[in-house]
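Below is one structure; the comments refer to it alone.
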Amino acid sequence: MTTANAPAPVRRNALAAPLSRVLVYVLLIAAAIVALVPLYVMIVTAFKSMEEIRTGTLLSLPHAFSFEHWWKAWNSACTGLRCEGLKVGFVNSFLITIPSVVLAIAAGAITGYALSFWRVRFANVLFTVMLIGGFFPYQVLIYPLVRITSTIGIFNSLVGVIAIHVVFALPVVTLLFRNYFASIPIDLFKAARVDGAGYWRFFFSILLPMSVPMIAVAGILQVTFIWNDYIVGLVFGGINYAPMTVQLNNIVHSTYGEREYNVEMAATLLTSVIPLLVYFTSGRWFVRGVASGAVKG
Amino acid sequence: MFVRSPSSSRLQAALTLVPVAFVVLSVYVGGVLWAVGISFTRSSMLPNYRFAGFTQYINLFSNARWQVSLGNMALFAVIFIPVTLLIGYSMAAMINRGVRGENALRTIYLYPFAMSFIVTGLVWRWLLDPNFGIADVARKLSFENASFDWIVNADMAIFTIIIAAIWHSSGLVMVVLLAGLRGVDEDLWKAIRIEGIPAWKAHLYIIMPSIGASIATAMVLMSLTVVRMFDVVVAMTGGGPGIATDVPAKFIIDHMFERQQVGLASAAATTLLLLVLVIAVPLLYLKNRRKGAAQ
């Protein structure tokens, strides 16, 4: 620590003083390694034979790449009573994720629009209720939602899972679009009004084309969240529409006899492929979504 | 923000909001009132609307499994939040100084957040496996007596879940705080430099308070992770050994569907909801007030 009456040191970045640059890099790289170890271990384990898993270590590279447990995880591992592998869940996750994301974004964008440019009575009350609702733990709403969906006959169906996802995504997506529309100059709106653009015309011809970045951000976040969801799929999907996460957990926890770690890790990797692909190809959008307070904040 | 508009378009906006309002009111308001209502009845497998006062709450708080669940959640919060905040802040502060490969580092730090909690739980279960996991690596590196069996040890298992959660969330906290640090006025850094204030002091007393909003956001995100914690426990320990790693969210689901004690589960859910509101409402209030002040 420098004292007040010490001779003035060479001017340097005071905040950098205790940590040399080298140390900063060492720490940052160490943190990156810690972050990457689980992914690395997942990958190498998935390629090893059980023999190699027993004799080698967690971190060692596979000697002979074997693929049969990938095939088993995909095609024949048992998820409870059925032994058809993860492929069923993969298809289900697609069938759930794509319509849910499209509908959630459409609903959120339109709601955000109606809440932004128009002085609608009680709009702020509605928005506040939505924001608070976005914080509710799913556990609170699950029982009423099970009753509602079974009353209208969509419990344990694809439609039911999608409907629940859309309802749960609505607050966040609306928040994103409302904030985005708030940054659009009001003069644009006024000019469009003067030129006679109606309610939907302004939305579809002017606002929507300007919102492509926001649609991308919301889409990427929601694809990741909905693909990764466990509890909605578990409760509302039933046996026929169990998403990949539910099937993965069943595969790992319903094995009898010797656990096959390589099959488990292959299955875990297969379940992460889509979100990882989305993340690594669009990382910056994802970061933007997170940083702009997208995560219900 | 708002302009006076011909009433026909405004009417259309209002009409657009009708279905949204219907869904929001029936699910978020109606659903919650229903759930809270059930918590005051004797409902077991099927709802039963005879009023039972606070019976379910009395049963709940004398239930040993609920007490363990709450204790685990508290322990989780007390360790997970400060540690993740410290890691996230340190990484953000180091990156903020300007380093090469910033984008690559950020991408690496945040990727765990893109993985599901089920995947997170299963990977860490494998990493911490007492026979073949990290303990085995240590043994084969000639530490022959190394053992690390926390995940199957009733007293320590909860810490393995905390470790997995810290891995999952540190990058998120880093991103949120880095966005805050990027907004700190350049003059403030200059002043700190000129005054020669030691780095740790400057961070603790000057920089951290000036990014209070980002820290609050990160805290709320982490608190919600704590309250909602479910998937990672299911995947990693299934609540075991025994009930050692049980958490409130899991208690609720188990009692609702497997044990069919809907009234008790609803009382637990209502308790959880109150906790969430205590966390979320002050933040929403603060945010709105700040926006109001800025206008």
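The listed protein sequences correspond, in order, to chains A and B.
Our numbering applies: residue 11 is where the first sequence begins, and numbers increase by one.
Our numbering applies: residue -6 is where the second sequence begins, and numbers increase by one.
Glycine included, each C-beta is placed from N, C-alpha and C at the ideal position.
What you are looking at is a predicted structure, and each value in this text was computed from that prediction instead of being measured.
At a cut-off of 8 Å between C-beta atoms, serine 109 of chain B counts as an interface residue with respect to chain A. For arginine 269 of chain A, the secondary structure class from DSSP, reduced to helix, strand or coil, is coil. Closest in alpha carbon position to arginine 93 of chain B, among A:Phe57, A:Val297, A:Val36, is A:Val36. Between serine 135 of chain B and chain A, the shortest Cβ-Cβ separation is not below 8 Å.
Bounds of the alpha helix (DSSP H) holding lysine 183 of chain B are 179 to 188.
Leucine 79 of chain B and alanine 86 of chain B have their C-alpha atoms some 10 Å from each other. Of the other Cβ atoms in all chains shown, 16 or more fall within 10 Å of the Cβ of methionine 224 of chain A; this residue is therefore buried. At least one CB atom of chain A sits nearer than 8 Å to the CB of glutamine 5 of chain B.
Considering only A:Ala116, A:Pro253, A:Ser70, the residue with the shortest C-alpha distance to valine 182 of chain A is A:Ala116. According to the DSSP secondary-structure assignment, threonine 89 of chain A is paired through a beta bridge with A:Arg92.
Straight across, the Cα-Cα distance linking arginine 131 of chain A with arginine 118 of chain B is about 52 Å. Distance between arginine 186 of chain B and glutamate 179 of chain B, taken at the CA atoms: about 11 Å. DSSP places arginine 175 of chain B inside the alpha helix (DSSP H), whose first and last residues are 150 to 175. Legend: CB atoms of the stretch 262 to 282 of chain A lying less than 8 Å from CB atoms of chain B belong to residues Val262, His263, Tyr271, Glu274, Met275, Thr278, Thr281, Ser282. Residues of chain A whose Cβ lies closer than 9 Å to the Cβ of isoleucine 159 of chain B do not exist, since the nearest Cβ in that chain is about 10 Å away.
At a cut-off of 8 Å between beta carbons, arginine 129 of chain A contacts chain B.
Counting the other Cβ atoms within 10 Å of the Cβ of tyrosine 50 of chain A gives fewer than 16, which makes it exposed. A straight line joining the alpha-carbon of valine 101 of chain A with that of isoleucine 108 of chain A spans about 11 Å. Contact residues of the stretch 237 to 257 of chain A toward chain B are Asn238, Tyr240, Ile241, Thr255 (C-beta to C-beta distance below 7 Å). Those residues of the stretch 134 to 150 of chain A placed with their C-beta closer than 8 Å to a C-beta in chain B are Leu136, Thr138, Val139, Met140, Leu141, Ile142, Gly143, Phe145, Phe146, Pro147, Tyr148, Gln149, Val150, ordered along the chain. By the criterion of at least three beta-carbon pairs nearer than 8 Å, the stretch 217 to 230 of chain B is not in contact with the stretch 169 to 184 of chain B.
Between the stretch 158 to 175 of chain A and the stretch 204 to 223 of chain A, the count of Cβ pairs shorter than 8 Å is below three; the stretches do not touch. Secondary structure of phenylalanine 44 of chain B (DSSP, three-state): strand.
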